Amino acid sequence: MTPRPTTPDPSTGQGRDPLLAGLAALVTDAPDGLLDRIAARWVRVPGPIGELDVAFTDQGIVYVHEPVEGFAESFRKRFGRPLLPTAKPPAGLVPALRTGRSSGLRLDLRGLSDFQRDVLLAARAIPRGEVRPYAWIAERIGRPRAVRAVGTALGGNPVPLLIPCHRVTRSDGGVGEYVFGPAVKERLLAAEGVDLDRLRALARERVFYLGSDTTGVVCFPTCRNARRITPAHRHGFRTLAQARTAGYRPCRTCEPGQVA
Numbered sequence: 467m468t469p470r471p472t473t474p475d476p477s478t479g480q481g482r483d484p485l486l487a488g489l490a491a492l493v494t495d496a497p498d499g500l501l502d503r504i505a506a507r508w509v510r511v512p513g514p515i516g517e518l519d520v521a522f523t524d525q526g527i528v529y530v531h532e533p534v535e536g537f538a539e540s541f542r543k544r545f546g547r548p549l550l551p552t553a554k555p556p557a558g559l560v561p562a563l564r565t566g567r568s569s570g571l572r573l574d575l576r577g578l579s580d581f582q583r584d585v586l587l588a589a590r591a592i593p594r595g596e597v598r599p600y601a602w603i604a605e606r607i608g609r610p611r612a613v614r615a616v617g618t619a620l621g622g623n624p625v626p627l628l629i630p631c632h633r634v635t636r637s638d639g640g641v642g643e644y645v646f647g648p649a650v651k652e653r654l655l656a657a658e659g660v661d662l663d664r665l666r667a668l669a670r671e672r673v674f675y676l677g678s679d680t681t682g683v684v685c686f687p688t689c690r691n692a693r694r695i696t697p698a699h700r701h702g703f704r705t706l707a708q709a710r711t712a713g714y715r716p717c718r719t720c721e722p723g724q725v726a
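Position in the sequence shown counted from 1, then plus 466, gives you the numbering used here.
#1: Report the residue ranges of all beta strand (DSSP E) runs contained in full by the stretch 507–539; include only those spanning at least 3 residues, in chain order.
#2: Given a cut-off of 8 Å, decide if Val511 and Pro551 are closer than it, judged by their beta-carbon atoms.
#3: Report the residue from Ser637, Val560, His531 whose alpha carbon sits nearest the alpha carbon of Glu671.
#4: Measure from the C-beta of Arg700 to each C-beta in chain D and report whether the shortest distance is under 8 Å.
#5: Give the DSSP-derived three-state secondary structure of Ile603 in the structure shown.
#6: Taking the straight line between their C-alpha atoms, what separation do you get for Ala656 and Leu559?
#7: If you measure from the CB of Val520, is any heavy atom of the ligand FMN nearer than 7 Å?
#8: Between Ala641 and Pro648, is the Cβ-Cβ spacing less than 8 Å?
#9: For Leu676, name the three-state secondary structure that DSSP assigns.
#10: Can you list, in chain order, the residues of its chain whose CB lies under 6 Å from that of Ala669, leaving out five sequence neighbours each side?
#11: When you compare each of Thr635, Val625, Cys717, Leu628 to Val616 by their alpha carbons, which one comes out closest?
#12: What number of angstroms, rounded off, separates the C-alpha of Ala506 from the C-alpha of Arg547?
#13: Which whole-angstrom value is the C-beta distance of Thr688 and Val725, which I expect to be below 8 Å?
#14: Does Ile504 come out as helix, strand or coil in the three-state DSSP assignment?
#15: Please go through the same chain and pick out, in chain order, the residues whose beta-carbon is closer than 7 Å to the beta-carbon of Pro722, but skip the five residues on each side of it.
#16: By DSSP's criteria, Gly702 is part of a beta bridge. Which residues make up the other side?
#17: Work out the CA separation of Thr680 and Ser568 for me, nearest whole Å.
#18: What residue range is occupied by the uninterrupted beta strand (DSSP E) comprising Val684?
#19: By Cβ distance below 7 Å, which residues in the same chain neighbour Val528 in space, the five residues on each side in sequence not counted?
#20: How would you call Arg633, buried or exposed, if buried means at least 16 neighbouring beta carbons within 10 angstroms?
#21: State yes or no: is the C-beta of Gly621 within less than 8 Å of the C-beta of Glu643?
#22: Per DSSP, which residues does Ile629 bridge with? Please list them.
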């Protein structure tokens, strides 16, 4: 049974906010939309790495973080608004965290740059149990030279787990950095069924794409189509250009053609 969400401890900062004290003193219901313009709400919920503090507005989820002292203050510093505690999470939040599938959940990405938003939405398209290289994100958003900037944008992801930046890894088989730390990233990927040891072994052999000689299609190794290729019909390639020269076409599911 999924643990019930808990109301955050008001002693962590939001109870001392004078703006929140003023809101609490209102004796009549506030006009529709007023609260969303002034404050956000937050709730503590169970997640795949333990309890999480989640802030949200009427527009969607704004922020996901491990419980820390001063969460409300750090949120206000980053987003410019105070937090009100609530016991009820937004619909779909807990199942999205439990399953790793959040496509139906609304996210509030206001305040991010266009580049940051593009990077995060590209990462959100990566299915559970699969990974993509940073270069894939850069190509997908039309900024192929911005691989390092892509990594920076993912490092600032305000809604990790809901936007699965843990599914973006280094081209050399390494997992790369993560907001909750590389060890947590590895644990999340392993829980989703990603065989990291196999990816590292392929990378050591300079194999970053797998093709099937029965379909003529080449995929990223974690693509669900690649996982169905039997050993007798599996061929590894270092580059997509090498695979194309051998007569293979990019998979339409995992889209390795996004990486030159």
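Using N, Cα and C, we set each Cβ at its ideal position, and we do this for glycine too. All values derive from a computational prediction rather than experimental measurement.
Quick look at the numbers:
#1: Taking only runs of at least 3 residues, the beta strand (DSSP E) segments lying wholly in the stretch 507–539 are 516–523, 526–531.
#2: By one-based count along the sequence shown, residue 551 stands at place 85. By one-based count along the sequence shown, residue 511 stands at place 45. Result no, Cβ atoms of Pro551 and Val511 do not sit closer than 8 Å.
#3: The sequence position of residue 671 within the sequence shown is 205, counting from 1. Distance check between Glu671 and each of Ser637, Val560, His531 places Ser637 closest, using alpha-carbon atoms only.
#4: No chain D is part of this structure, which consists of one protein chain only.
#5: Counting from one through the sequence shown, the residue named residue 603 turns up at place 137. Helix, per DSSP.
#6: Here residue 656 refers to the residue found at position 190 of the sequence shown. Here residue 559 refers to the residue found at position 93 of the sequence shown. C-alpha separation (whole angstroms): 22 Å.
#7: Looking at this structure, you won't find the ligand FMN or any other ligand, since it has none at all.
#8: Residue mapping note: residue 641 aligns to position 175 of the sequence shown, counting from 1. Residue mapping note: residue 648 aligns to position 182 of the sequence shown, counting from 1. First, the amino acid is wrong: residue 641 is Val here, not Ala. The answer is yes: Cβ separation under 8 Å.
#9: The count along the sequence shown starts at 1 and reaches residue 676 at position 210. Under the three-state reduction of DSSP, Leu676 is assigned to strand.
#10: Taking the first residue of the sequence shown as 1, we reach residue 669 at position 203. Once the five neighbours on either side are set aside, the close Cβ partners of Ala669 are Asp638, Gly639.
#11: As a position in the sequence shown, residue 616 is number 150, starting the count at 1. When each option's Cα is compared against that of Val616, the closest is Thr635.
#12: Working through the sequence shown from its first residue, we reach residue 506 at position 40. Working through the sequence shown from its first residue, we reach residue 547 at position 81. Spanning the alpha carbons of Ala506 and Arg547 requires a straight line of approximately 7 Å.
#13: Within the sequence shown, numbered from 1, the residue matching residue 688 stands at position 222. Within the sequence shown, numbered from 1, the residue matching residue 725 stands at position 259. About 14 Å separates the two Cβ atoms, so there is no contact after all.
#14: Indexing the sequence shown from 1 puts residue 504 at position 38. Residue state for Ile504 is assigned as helix, using DSSP reduced to three classes.
#15: Residue numbering aside, residue 722 sits at position 256 when the sequence shown is read from its first letter. Same-chain partners within the cutoff: Tyr675, Val684, Cys685, Phe686, Leu706, Pro716.
#16: Along the sequence shown, read from residue 1 onward, the residue named residue 702 stands at position 236. The partner list for Gly702 (beta bridge, DSSP) reads Leu676.
#17: Taking the sequence shown and counting its residues from 1, one reaches residue 568 at position 102. Taking the sequence shown and counting its residues from 1, one reaches residue 680 at position 214. Straight through space, the alpha carbons of Thr680 and Ser568 are spaced by roughly 34 Å.
#18: The residue you call residue 684 lines up with position 218 of the sequence shown. For Val684, the enclosing beta strand (DSSP E) has its first and last residue at 683–685.
#19: Looking up residue 528 in the sequence shown gives position 62. Residues of the same chain with a CB within less than 7 Å of the CB of Val528, apart from the 5 flanking positions on each side, are Ala506, Ala521, Phe522, Phe545, Asp574, Pro624 in chain order.
#20: Translated into the one-based positions of the sequence shown, residue 633 becomes position 167. Buried: at least 16 other Cβ atoms inside 10 Å.
#21: Numbered from its first residue, the sequence shown carries residue 621 at position 155. Numbered from its first residue, the sequence shown carries residue 643 at position 177. The criterion of a C-beta distance shorter than 8 Å is satisfied by Gly621 and Glu643.
#22: Looking up residue 629 in the sequence shown gives position 163. DSSP output for Ile629 lists Pro626 as bridge partner(s).
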